[in-house]
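This note's numbering numbers the first residue of the sequence shown as 1457 and each following residue consecutively. Quick reminder that beta carbons are idealized off the backbone N, C-alpha and C, glycines included. Please read these numbers as outputs of a predicted model, since none were measured by experiment.
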Amino acid sequence: KYDYVMWIDADACMRVNNTYKDLFESIVTKYSCKNIIFSEDKDDYLFALYISLYILVSILVLMSIVYLFMGFNKKYYYIFFSLFVVSIIIILIMLVVRYNEDVSLNSGIIIMKNSKYSRELIKYWASTDCYENRIKPWQDQGCIRYCYVNNINKMRNNSVILNLGVLQKFKYKPKDTSLI
């Protein structure tokens, strides 16, 4: 009967002052070739990555200050160089883990085309196999992320992840144009 179904978490708040009245229709029209439309999630990894980069830059600045005011000191050079290398290794590990094991995808709002593909994928999301293999401790979101990362049923080809702020936002600002 309906072309699309939209899942909205119970804790989502509807935006009553969004002046873009055809936002939902424009989204499903633009991505009509996709069965599932997701929203991007807040990226916890990016925050940790920014902190690591900040530490790396701080080490470089401190190393430069020590060099300028104290001259070349072999002891300090080895200490700072070691910290620098460790920081680079930590950042690379974070990037590899982020790339291979997770995706920034939120299950709070999902737009699904009323199709056989979508119904089959929902059945799999509710399965014990998906639950046992989920990413992180989240229930539904962990299952969906597992399916996306492992490309279950070619999920990457059949879905799109919209930037955070198109379908949903986590902090309200009066001039936001997000749907929810």
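> Quick one: what does DSSP say residue 1527 is sitting in, helix, strand or coil?
Replying inline: The three-state secondary structure of residue 1527, taken from DSSP, is coil.
> From residue 1480 to residue 1486, what distance separates their C-alpha atoms?
Replying inline: Roughly 10 angstroms separates the two Cα atoms.
> Where residue 1614 and residue 1562 are concerned, what is the direct C-alpha to C-alpha distance, given to the nearest angstrom?
Replying inline: Distance from the CA of residue 1614 to the CA of residue 1562, rounded to the nearest whole angstrom, comes to 16 angstroms.
>> For residue 1579 and residue 1461, what's the separation of their Cα atoms in angstroms?
In response: Each residue's Cα considered, the two are about 15 angstroms apart.
> For the 8 angstroms Cβ check, are there 3 or more pairs between the segment 1563-1583 and the segment 1516-1524?
Replying inline: Because the criterion of three Cβ pairs below 8 angstroms is not met, the segment 1563-1583 and the segment 1516-1524 do not touch.
> Between residue 1567 and the rest of its own chain, which residues show a CB-CB distance below 6 angstroms, the 5 nearest in sequence each way excluded?
Replying inline: Cβ-Cβ distances below 6 angstroms link residue 1567 to 1460, 1462 and 1493 in the same chain, with the five nearest sequence neighbours on each side left out; the list follows chain order.
> With 16 as the cutoff for other CB atoms within 10 Å, does residue 1527 come out buried or exposed?
Replying inline: With fewer than 16 Cβ atoms within 10 Å of its Cβ, residue 1527 is classed as exposed.
>> Would residue 1399 and residue 1564 be called neighbours here (beta carbons separated by less than 7 angstroms)?
In response: One cannot answer for residue 1399 here, as it falls past the ends of the chain, which runs 1457 to 1636.
> In three-state terms, what does DSSP make of residue 1564?
Replying inline: Three-state result, residue 1564: strand.
> Excluding the five sequence neighbours on either side, which residues of its own chain have a C-beta within less than 7 angstroms of the C-beta of residue 1600, listed in chain order?
Replying inline: Same-chain partners within the cutoff: 1561, 1563 and 1581.
> Once you ignore the five residues that flank residue 1531 on each side, which residues in its own chain have a CB closer than 6 angstroms to its CB?
Replying inline: Spatial neighbours of residue 1531 in its own chain (CB-CB distance under 6 angstroms, excluding positions within 5 residues in sequence) are not present.
> Would DSSP call residue 1488 helix, strand or coil?
Replying inline: Coil.
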